[in-house]
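Protein chains in written order, with this note's numbering: chain F, 1 to 273; chain H, 1001 to 1273.
Cβ atoms here follow ideal geometry from the backbone N, Cα and C, with glycine treated the same way.
Okay, here's the thing in structure tokens:
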């Protein structure tokens, strides 16, 4: 089992991702695709006169403040336009795709954090009414039911809280939780950067291998959205996933290249290629 | 098996619909919910500076002209905001809902009609690039797989064309096709009117019963969106559905009331209540 997360940042072309997935499907590989949608969500938020608000939590992570209105915009982009767009692309490649959010069948469930402590202009502040949280539980029975019947899952946030509210969850960490729960051997996280860079402005400074025991010091090196990817990688490895690959979505055959070791590879044990 | 279609016109409150569905679920009833979203799609289209364009086809039916941009707005509303909103509401009532579009697992498939002949200012005109069509085939295997596993399906357009393109299909007719394919005994179509009215401006002029043999003359009586509901009813009855009920979504217990015979009932045979 393989879990592939493809980000939603500017500059990502889903066609090569889908072509790779179709090839994997034809080879009989079992996988789940998890996707993001942050760039498109920003565009729609701006168009609707509800510009995105990014906050930095007290623990140093960037997150989208998600009130109810933002949640609905988020759902429109993630579950509507992008999820269904990916399903349509995959169907055109003869892949029997089904798109699900974390709400559907409580696929992704966890606690809501309805207030967050943020740092704004150097001062701590509590924000309420946030629809964010994290994934604790994966409905693996539903995943297996559909995969065993021959379908391919295309999964997107939001997740559902224990008290039944839709929550925005980080897609990378949700993918890590899925990989762990499904006993996946590998987790591939594709985004609009080649992997973890030593110098964020120099793509040649890619760190090709990270020892899992050295992951915490690399967490400090990571900037912006990469921080959560490293955190996701740590969570996946802690959960039992054999290998996490952070790789570039913007190349030809992005999944093939990632699986052949291009990107930042964090392996708990050596896997056969 | 029961198929319930709830419209997406202005003035429909989904809470009583979901409460009724939760009660049916607890009683062990097997059903599928199909939903619309036209009012919300109009609102979003207007907000995004892409006002909806309704055309009247040469055969006299009103339809939304759906170019690619409109299709994506449509997906955002139907598959995103509304479908996930309904799933969330049902989950909060302990109903294990799963939302699917017709694209997912090719749940609803049929031919695309990429050009339509419309009548505008009394003149016939051919419009190209339309993403509309109709449902011919239902993936009943997927429906049964999920229902047998205990899930409740919340289904929305678009459907998928035979050549893998997302197509806007009429929700009432899609529900009729589902009811037929699933061998449903009953199809309930809820909207923001009490049923078929003899005088569209007088809700007291409700036609309570229609003989299936007299459906064609009632088709001529129907105006606007009601025309497609009567057509859907005819298609469902022709396909073998025992009873179609056109009823009001705006009342307390709308499904209960419809099932008890309130609305316009078109029955091929007498069913036990």
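Looking at the backbone, the Cα of residue 112(F) and that of residue 10(F) are separated by about 28 Å. Annotated three-state conformation of residue 22(F) is helix, per DSSP. Residue environment: residue 75(F) is assigned as buried (16 or more neighbouring CB atoms within 10 Å of its CB, all protein chains considered). Between residue 96(F) and residue 1153(H), the alpha-carbon positions lie close to 18 Å from each other.
Chain H places a beta carbon closer than 8 Å to that of residue 98(F), counting this residue as a contact. Interface residue (Cβ-Cβ distance to chain H less than 8 Å): residue 263(F) is not classified as such. Membership of residue 63(F) in the beta strand (DSSP E) is indicated by the continuous run 62 to 64. With respect to chain F, the C-beta atom of residue 1106(H) has a partner C-beta closer than 8 Å.
For residue 164(F), no beta strand (DSSP E) encloses it, and the DSSP letter there is neither H nor E. Along the region 1075 to 1091 of chain H, the positions whose C-beta sits under 8 Å from a C-beta of chain F are 1075, 1076, 1077, 1078, 1079, 1080, 1081, 1083, 1084, 1085, 1087, 1088, 1091, read in chain order.
When the Cα atoms are used, residue 1048(H) and residue 28(F) turn out to be separated by approximately 42 Å.
Scanning chain H for C-beta atoms nearer than 8 Å to the C-beta of residue 101(F) yields 1084, 1087, 1099, reported in chain order. Judged by DSSP in its simplified three-state form, residue 1235(H) adopts helix. Non-local C-beta neighbours of residue 1142(H) in its own chain, meaning closer than 7 Å and more than five positions away in sequence, comprise 1105, 1107, ordered along the chain. Along the length of the region 104 to 190 of chain F, whole beta strand (DSSP E) runs at least 3 residues long occupy 108 to 110, 112 to 120, 123 to 133, 152 to 156, 159 to 161, reported in chain order. Residue 1038(H) and residue 1052(H) have their C-alpha atoms spaced approximately 10 Å apart. For residue 1196(H), there is no enclosing alpha helix (DSSP H), as DSSP gives it neither H nor E. Looking at the DSSP output, residue 1005(H) bridges to 1034(H), 1189(H).
The beta carbons of residue 1114(H) and residue 1129(H) sit about 7 Å from each other, so the pair counts as a contact at 8 Å.
Annotated as distal: residue 12(F) and residue 44(F), with beta-carbon spacing of 8 Å or more. Scanning chain F for C-beta atoms nearer than 8 Å to the C-beta of residue 1164(H) yields 88, 91, 92, reported in chain order. Around the CB of residue 1217(H), fewer than 16 other CB atoms lie within 10 Å, so the residue is classed as exposed.
Distances from the CA of residue 1059(H) to each of 1254(H), 1259(H), 1224(H) were compared; the closest alpha carbon is that of 1224(H).
For residue 1088(H), the uninterrupted alpha helix (DSSP H) run begins and ends at 1083 to 1092, by DSSP. Under DSSP, residue 100(F) shares a beta bridge with 155(F). Of all residues in the region 1146 to 1163 of chain H, the ones placed with a Cβ closer than 7 Å to any Cβ belonging to chain F are 1149, 1151, 1160, in chain order. Apart from sequence neighbours up to five positions away, the residues of its chain that approach residue 161(F) with a beta-carbon distance below 8 Å are 109, 110, 111, 112, 133, 167, ordered along the chain. When the five nearest sequence neighbours on each side are left out, the beta carbons in the same chain lying within less than 6 Å of the beta carbon of residue 1268(H) are those of 1212, 1237, 1242, in order along the chain.
Put simply, the backbone Cα of residue 1191(H) is about 30 Å away from that of residue 1122(H). For residue 1209(H), the secondary structure class from DSSP, reduced to helix, strand or coil, is strand. With a 10 Å radius around the Cβ and a threshold of 16 neighbouring Cβ atoms, residue 46(F) comes out exposed.
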